[in-house]
Amino acid sequence: MQQSQRLRCEFIQTAVRKKAKPADLEKKLADARAGYPNIVSQFKDPKQCGRMSALFSVGSGQLDIDEALKRYPDLAQDAAAFRTGMARLREEAKTSPVMLDSLKAVVTMCDHPSEENYLAMTRADHAKDMKTCQVSSNPYTQEFVWVADRQQRSLGGFRPA
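When we follow the working numbering, the leftmost residue of the sequence shown carries the number 64, and every step to the right adds one.
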């Protein structure tokens, strides 16, 4: 530091914000209405819908985790992580059921594909996103140089290079 009169610092800037705002809902609904004709066929796949139903049933406690894995072996690549995640979902659902509400909306859409159910699914996802935080980080480096106070008021200080 003495010889170069420079100081190089590494920082990590973090931000935490809500994933969605109330004002976002109308645009999401408009996008859902526009995209519905292209997406409705995805909710007619019995295998995919069965998996979503199993996830909802496990999360709500209606179906045992191991039973779901027996019925749908491809439900999880890592059975232990799936068990842990589903146990956590069950606990969280006791105080904040937004994730289960979102899964239930998908199951309803699978059972009765309609634009109204698709919009209900969009609303449920938005409600979940309203209670979800989005965390981001930005690492950066900044260099500072020593500047002496020319008017002798102080010893000086660092300023960005």
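Think of the CB as a built atom: it goes at the ideal place given N, C-alpha and C, for glycine as much as any other residue. Since the model is a prediction, treat every value here as computed from it, not as a measurement.
Residue i, buried or exposed, once every other Cβ within 10 Å from all chains shown has been counted against 16
i           : result
residue 198 : exposed
residue 51  : One cannot answer for residue 51 here, as it falls past the ends of the chain, which runs 64 to 224.
residue 74  : exposed
According to DSSP, residues forming a beta bridge with residue i
i           : result
residue 81  : 196
residue 203 : 74
Whole-angstrom distance between residue j and residue i, CA atom to CA atom
i           : j           : result
residue 206 : residue 223 : 6 angstroms
residue 94  : residue 179 : 13 angstroms
residue 65  : residue 209 : Any reading at residue 65 must be qualified, since the residue scores a pLDDT of 48, below 50, and its modelled position is unreliable; the value itself is stated next. Answer to the nearest angstrom: the Cα atoms are 9 angstroms apart.
residue 105 : residue 181 : 11 angstroms
residue 172 : residue 147 : 27 angstroms
residue 116 : residue 125 : 11 angstroms
Simplified DSSP state of residue i, which is helix, strand or coil
i           : result
residue 100 : helix
residue 136 : helix
residue 176 : coil
(message) Measuring CB atoms only, is the segment 72 to 91 touching the segment 185 to 203, in the sense that at least three cross pairs come out at less than 8 angstroms?
(response) yes
(request) Check whether the segment 133 to 145 touches the segment 163 to 178, counting contact only when three or more Cβ pairs, one atom from each stretch, lie closer than 8 angstroms. (result) no
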